[in-house]
Amino acid sequence: MSLTATAKAGPRSPAGTGPGPDDGRAAALRRTWRKASPYAYIAPFFTLFLAFGLFPLLYTAFVSLYRVELQTSGEMEWRGIANYTALFTDEYFWTSLRNTFTIGVLSTVPQLAMALGLAHLLNYKLRGRTFIRTAILLPYATSVAAATLVFAQLFGKDFGLINYVIGLVGFDPVDWQTGTVASQIAVSSIVIWRWTGYNALIYLAGMQSIPHELYEAAEMDGASRWRQFVHVTLPGLRPTIVFTVIISTIGATQLFGEPLLFEGSISGGISHQYQTLGLYMYEQGWGFFHLGRAAAIAWVMFVLIVVLVGANALIARRRARKEAGR
Amino acid sequence: MPIARAAKRATARLGAVVLAGALLAACGSSDSSDSSDSAGGKVTLNVDLFGSFGFKEAGLYEEYQKLNPNITIKQSDTQDEADYWKSLQTRLAGGGGLADVQGVEVGRIASVTQQQSDKFQDLKEFGADKLKGEFAEAKWSAATTKDGKILGLGTDVGPEAMCYRTDLFKEAGLPTDREELASRWATWDGYLELGKEYKKKAPAKSAWLDSVGSLYGIMIGQEKERYYDASGELIYDKNPAVKEAWDTSVEAAEAGLSAKLDQWSPQWNQAFAAGSFATIPCPAWMLGYIKGQAGDGGQGKWDIAKLPGGAGNWGGSYLSIPRAAEHKEEAYKLIEWLTAPEQQAKVFQKQGNFPSSTGAIETIADAEDEYFSGAPIGQIFGDAAKESPVQVLGVHDQNVMQQITNALSEVERKGVSSDKAWGTAKKGVDNVIG
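So the protein sequences, as listed, match chains H and C. For the first sequence, counting from 1, position 292 maps to 292 in the working numbering; every step adds exactly one. For the second sequence, counting from 1, position 310 maps to 310 in the working numbering; every step adds exactly one.
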């Protein structure tokens, strides 16, 4: 009796529910949940993205076709692509585009080069390595506003520390706010200060994935640290470098806080000498309240970033393919 | 596939909940910031201002709260008016986050009356029209729309004078008596001449003037018509008065009389205490600013004389109530009290902001200021206020001014030629007007 009973009970499900009509439905429900649940889990991101990412993007495109003033934002006047075509004859637009490029180069190139060097040094066994690694990230943790205000003081014309030091060496003080090159260097230095450590840590992470045996082998072959860097570190780090270049390009194209706070001028200095695209957009939108024109600039910036990143990726891929073919 | 549809619906519902949550959070935070404990009949009034209106400094909020125990006043302020105006415009466009009382600079009042009369409360509804006789005529009419809405009550006006450092004058061998100086610089030419004399024997690292921007600003304040004519047309590039102020400023820049500072910049602020300049054109509201920047060390080193070239007005403000404000009626009672003669007089005594209420002007006629070597500020600024012209105001006054002073800085700091810089100014104005 008991034997048959256990035998009978055996095939039953552990939960003890009989193979009734309910069983099929629960299984189906479980199956669909398994299929649908990933969507539910990612839904919060995409809902937020739709509301605060995609919608503003499209709405900006819509606004950029109108003449809209913040003070009278209820009245929209159709302008078609006139907001865009006006940019091509707008001297300040070209100035800010050029400034964005020069400040971008002035800040990105030394920044990445220094980060690479720093990371290479940190990759060796140093005393207090963890402390140093954390310390180089500190500038990144500082707020742009605080950092820029300090730098603005350092670069002051009459009472700035930098001009004081320059004076000790015997040079004339530099008007860091007014000169085109001088002001761009000053703004770039804030960017460099803030982001070098951040990039160095990314490089460091990349370097740690390079097998240590390669360094040992190179050392046994009598390669100096510099040659190790050139022949082992750099090739192994290529994907990481491409990543940082792309991130820095995006950052440089959107540069805004540093030039805005450097002198507190929305025009980027008296002759727009360090006005970036982001700042020009802000000046049009929130200085002069031309929302339509600001929206057009925003879209031009967006397209510009897409093109730049695309170009970066293309170059990187072509180089990779060339290397593979070798 | 009913189940797939259910899943889709569930996703949508989840999304809606998340979104609603985010929105609620947004509303919640704005609710709590302008809290009103209506339970106990207590009301918190938010007052949002720029620069220094001097209400807090003169102890007016405390006094008002004592008189009205159910009211608590919270003030927030922004130093730079341009930043303040930006954020106010953004909030007006969005319709949220507005304070119960918002300050408006006189350079913006035309924008309020001509473009945004639907966004500000008509104070006539609270009986403001009975106050008309208490204010200077020009002050009152500037805040009144064509159809008679009253959109703001006047706080201060900006009668102009010249502030100077007696210690630096002494070192350079110039007279320090305010009467004598007033007669030496009766005209702007006289002022520039004296500046050249100063430059010859000036103490090291000290210029005659802080920036040509403030020179331009104070000169343009002496004019009735500036950037717009009475019909509202933009005339700045044809106006001989603008040209004259421009030319004088260029002359000062080219003669190397200015310290090449940018007004409102940190460098400018530091220069007040450091003695980088000997004179600064000063509307009445600048007195409080000088005291703040030059600090106690400047006590007695400063003095005030009559302005070269006649009386003028630069700046001055209003208190307005946005339509979206939460406690409009209480806010009106507060601004009526704050702009009443007694209170305006108190602000003047403490901060130097010159009253726009005629009653207050009478009571302060013999006021003197210890900080400024006992200068008779009541008389100097009172005379200037009486004689200054009634100015024509336009929608973009403040922005046009900004573009012109920017271009002047190019002459001053980069040695750009006057013609080229004027071209920049015109381009800048076109850009602003859009």
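Every residue gets a Cβ at the ideal spot worked out from N, C-alpha and C, and that includes glycine. Keep in mind it's a predicted model, so treat the numbers as computed, not measured.
C-beta contact flag for residue i and residue j at 8 Å
i	j	result
Gln228(H)	Gln89(C)	no
Lys306(C)	Ala138(C)	no
Tyr228(C)	Val347(C)	no
Phe354(C)	Asp156(C)	yes
Thr196(H)	Leu118(H)	yes
Ala241(C)	Tyr216(C)	no
Gly94(C)	Arg293(H)	no
Val63(H)	Leu279(H)	no
Gly158(C)	Trp268(C)	no
Asp189(C)	Ala259(C)	no
Phe135(C)	Thr358(C)	yes
Leu260(H)	Tyr282(H)	yes
Thr405(C)	Gly96(C)	no
Three-state class that DSSP yields for residue i in the structure shown
i	result
Ala385(C)	helix
Val242(H)	helix
Arg129(H)	helix
Arg226(C)	coil
Phe52(H)	helix
Leu408(C)	helix
Ile433(C)	helix
Asp369(C)	strand
Pro69(C)	coil
Tyr66(H)	strand
Val144(H)	helix
Leu153(C)	strand
Val416(C)	coil
Ala313(H)	helix
Ala152(H)	helix
Pro139(H)	helix
Length of the line joining the Cα atoms of residue i and residue j
i	j	result
Ile103(H)	Ser96(H)	10 Å
Ala295(H)	Ala61(H)	7 Å
Thr424(C)	Pro69(C)	55 Å
Ser172(C)	Pro203(C)	A small fix is needed here, since residue 172(C) is Ala in this sequence, not Ser. Going from the Cα of Ala172(C) to the Cα of Pro203(C) covers about 7 Å.
Val429(C)	Trp422(C)	11 Å
Asn312(H)	Ile246(H)	7 Å
Met286(C)	Thr176(C)	20 Å
Pro173(H)	Leu153(C)	48 Å
Leu314(H)	Ala274(C)	56 Å
Ser248(H)	Leu48(H)	26 Å
Ala152(H)	Phe262(H)	5 Å
Ile380(C)	Thr166(C)	17 Å
Asp369(C)	Ser188(H)	46 Å
Tyr140(H)	Gln111(H)	13 Å
Gly309(C)	Gly251(H)	52 Å
Asp100(C)	Gly127(C)	18 Å
Glu216(H)	Gly222(H)	10 Å
Tyr198(C)	Ala375(C)	22 Å
Limits of the unbroken alpha helix (DSSP H) element including residue i
i	result
Trp489(C)	An answer regarding residue 489(C) cannot be provided, because it is not within the stretch 1 to 434 covered by chain C.
Met281(H)	Leu277 to Tyr282
Leu209(C)	No alpha helix (DSSP H) contains Leu209(C), which is instead part of the beta strand (DSSP E) from Ala207 to Leu209.
Gly197(H)	Thr180 to Gln208
Ala82(H)	Ala82 to Phe88
Pro266(C)	Pro266 to Ala274
Asp189(C)	Trp188 to Lys201
Ile162(H)	Leu161 to Val169
Pro444(C)	This structure cannot speak to residue 444(C), because chain C is shown only from 1 to 434.
Thr72(H)	Careful: Thr72(H) lies outside any alpha helix (DSSP H) and carries neither H nor E.
Asn99(H)	Glu91 to Leu122
Glu329(H)	Past the boundaries of the shown model lies residue 329(H); chain H is included only from 1 to 326, so the question cannot be answered.
Strand pairing of residue i, partner residues [DSSP]
i	result
Glu323(H)	Paired residues: none, contrary to the question.
Tyr164(C)	Thr279(C) and Asp303(C)
Val104(C)	Tyr318(C)
Asp77(C)	Leu49(C)
Leu234(C)	Tyr228(C)
Ser357(C)	Phe135(C)
Phe120(C)	Pro322(C)
Val43(C)	Ile71(C)
Start-to-end residues for the beta strand (DSSP E) that takes in residue i
i	result
Phe277(C)	Phe277 to Pro283
Of the residues that make up the stretch 89 to 104 of chain H, which ones have a beta carbon closer than 9 Å to any beta carbon in chain B? In the structure shown, chain B cannot be found, because the protein chains are H and C.
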